[in-house]
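Have a look at the structure below before the remarks.
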DNA sequence: TTGAAAGCGGTACCAG
DNA sequence: CTGGTACCGCTTTCAA
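Chains as they are written, first to last, in the working numbering: chain C, 45 to 372; chain H, 45 to 372.
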């Protein structure tokens, strides 16, 4: 038994298929006829085929979300919030998980024009010329999230200000020899902007001895980096680009029998739940990922509706914790 | 400038649109003609509209994945693995995130018939009569994942055997007074099957004094539950239904100045990366979520191809860790 | 108010 | 090999 079509329903209700279509799309249908159609639909569990609908109709009510991963807690939260908000507007998100594969990310961009989505949101870490070119060929509302973009509309976290806050805090606690453990600058937001903010905050607070250490987003590698660093360092504070790195620092420091914050002060970025379960509580930044996702969804809807929008920055919350020692 | 259609391309190449269609679908096209078409497509960046394609063609190459959340690390891993595998077969997953909302989960099931997917995978925690009824109306390959289902095909983790292994291990380490901290039985796999396995293992190992404590999947609530339990308990081992609960146990026990495994033995389930970073290393079960996702995708493809399949159980790895004390 | 008919952008059969 | 033509399931004039 193949699925019924609008034609079948029309036949069963003894009306034309255009009338059934009108029934669904809010056109003129006599109350009497309406009832008959409703009854048949009810009995047959009929609902119109979305593919066919969006072929002819100009609306598909679908929005693409391209994300580098869903395995990251923060990404998942942002995506979930976008999802939620888009649905509340009657739109269905189509999630593309590129699994950190740049080629696939580019491919997704290409295939956007093949699927009937009304707009697309890219959770970008890196925006290359290829991205910009493909997006420019796209001819649909497009939004970059989590990354400042030199071109186009974007929603980003205020990494600079957050970094500044952390840097300033540590500086004002009296630290003068500080190490920052960051990630590759290819990730503009986390790798560059965040670091620049931290450095500016440290500098304004009077810190001049700043060491930079390159790590990545993994716990394992971070431990290695920190283990080496601890062997000979004059730093009293380690500012970490993410909470995961901070957690690696905690464990390395504990392993060599030192204490936080007595021997070393630590800060993170992220405000994951895990920070709350660290002892002592980590001094970190909590970004409002839900707000970011929600704002992105709302902006996308507005773009689809043809309204003018402008890029936005999402705020953050400073979590003082107890991992920074005041050494005055 | 609206998107070009196959008709435009045909006109530009000076051929009929059926020829262009054949060009894409591997039919007869003279080399000469082929070149001309290729050139036009290249110049115009043309690619066929997927919506239109799947309307007429019987294949849409899309598979729905309905998941209660993507914010859970394990779910995300399974989904990512499915995604990866489906794509490698040329299928595109359409992810539905129901956000733990049962009504939405049911709605998703309903809407499956409206979108042109060739099959659907449900990451289920609870399978109600409503689910079964809706699925039975579906008329497309359907697969339950992460949950044994009384009906239909499913892929599930071997929670029973894993539980048995944990129970048996603790029993054989000489513990005689044991507390199991589980979750609601509505979650059949984790709440019931896992517990049953643990109990069976304990019993076969000679344990008769078993206390059950109900918690949930959250770290916070688990701490509360464990805090109360520690006030008066004769148990020497706390078997936790998840690693998160085990982590809560670690922290509560450390907070009252006791030691693991000297004072209390702890076990978990999950094998998240977080277990590796716990001190002492947690005795736990590592389920192979990637394998689960991959197997699900493969099975779905086979179902779509009309092959006969049967439900599968995914194995696990026992991580001994060092959180269970041998008290012989 | 209603239904016939013309598409939407493709695919596939069939005659040439 | 190629192009004409009939659809896929639904929306949208438009005339009745």
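Yeah, the Cβ is synthetic: ideal placement off N, Cα and C, and Gly gets one too.
Below-9 Å beta-carbon distance, residue i vs any chain H residue
i              : result
residue 45(C)  : Reliability fails at residue 45(C), whose pLDDT of 46 lies under 50, so the model's placement of it is uncertain and the value that follows must be treated cautiously. Judged by the 9 Å Cβ criterion, residue 45(C) is in contact with chain H.
residue 117(C) : yes
residue 159(C) : yes
residue 221(C) : no
residue 155(C) : yes
residue 104(C) : yes
residue 298(C) : yes
Counterpart residues of residue i in DSSP-defined beta bridges
i              : result
residue 305(C) : Bridge partners of residue 305(C): none, in fact.
residue 223(H) : 255(H) and 282(H)
residue 200(H) : 357(H)
residue 314(C) : 330(C)
residue 363(H) : 328(H)
Short CB-CB distance (under 9 Å) between residue i and chain C
i              : result
residue 69(H)  : no
residue 330(H) : no
residue 217(H) : no
residue 295(H) : yes
residue 191(H) : no
residue 167(H) : no
residue 291(H) : yes
Per-residue contacts from residue i into chain H (C-beta, under 7 Å)
i              : result
residue 139(C) : 139
residue 128(C) : 143
Close-in-space but distant-in-sequence residues of the same chain around residue i (CB under 8 Å, 5 per side omitted)
i              : result
residue 182(H) : 153, 156, 157 and 164
residue 363(H) : 315, 319, 325, 326, 327, 328, 329 and 330
residue 138(C) : 106, 107, 108, 109, 159 and 161
residue 238(H) : 203, 204, 206, 207, 226, 285 and 313
Residues of its chain near residue i, where Cβ-Cβ distance is below 7 Å and the 5 sequence neighbours each way are ignored
i              : result
residue 277(C) : 223
residue 67(C)  : 73, 78 and 81
residue 372(C) : 218
residue 349(C) : none
residue 304(C) : 294, 297, 310, 324 and 367
residue 245(C) : 207, 208, 209, 210, 211, 212 and 215
residue 221(C) : 253, 278, 279 and 280
residue 353(H) : 197, 343, 346 and 347
residue 334(H) : 121 and 125
residue 195(C) : 176
Under 8 Å from the C-beta of residue i: neighbouring residues of chain H
i              : result
residue 107(C) : The contacting residues do not exist; residue 107(C) stays about 13 Å from chain H at best.
residue 92(C)  : 158
residue 285(C) : Near residue 285(C) there are no residues of chain H at all, since even the closest Cβ is about 18 Å away, more than 8 Å.
Contact set between residue i and chain C, taken where Cβ atoms lie within less than 7 Å
i              : result
residue 84(H)  : Per Cβ cutoff of 7 Å: no residues; residue 84(H) is ~16 Å from chain C at best.
residue 123(H) : 114
residue 120(H) : 114, 115 and 120
Per-residue contacts from residue i into chain H (C-beta, under 9 Å)
i              : result
residue 98(C)  : 95
residue 181(C) : 89
Residues near residue i by beta carbon distance below 6 Å, same chain, minus five either side
i              : result
residue 231(H) : 169
residue 129(C) : 338 and 341
residue 52(C)  : none
residue 84(C)  : 53, 56 and 57
Inset, instruction - List in chain order: all unbroken alpha helix (DSSP H) runs of 4+ residues lying wholly within the stretch 106 to 193 of chain C. - result: 117 to 132, 146 to 155 and 173 to 180
Legend entry - Secondary structure, beta strand (DSSP E): runs of 3+ residues fully inside the stretch 55 to 109 of chain H: none
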